[in-house]
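Peer 1: Numbering (UniProt numbering), first residue to last: 1 to 102.
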């Protein structure tokens, strides 16, 4: 029985909310986290997320084809964890940019 696409729409909307949040959340603590950073370096940190996301999506699909869903999810999970840890313990803007890309 077809129950419609209500759940699908909610999941799609929630995922887009997270993308917007992850893009915007960088701006609030900008001067506290790394005082004295340049506008260019902060812009690169914000943009790295938008560049890394689509590349990761393409790579994730190819990984799922070659390693199966479980294998791809394990690699994706460890990659996501690495990016989060790098961002958490970043001491400079280069690390922030790389971690946001990951």
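Cβ coordinates follow ideal geometry from the N, Cα and C atoms, glycine included.
(1) Rounded to whole angstroms, what is the Cα-Cα separation between residue 42 and residue 4?
(2) Let me check understanding here. Comparing Cα to Cα, which of 6, 53, 7 and 34 lies closest to residue 19?
(3) Quick check: residue 102 and residue 79, are their CB atoms within less than 8 Å of each other?
(4) Assuming residue 26 contacts residue 46 under a Cβ cut-off of 8 Å, what Cβ separation, rounded to an integer in Å, is found between them?
(5) What does the alpha-carbon distance come out to for the pair residue 65 and residue 86?
Peer 2: A quick look at the data gives this:
(1) 42 Å
(2) Considering only 6, 53, 7 and 34, the residue with the shortest C-alpha distance to residue 19 is 53.
(3) yes
(4) 5 Å
(5) 28 Å
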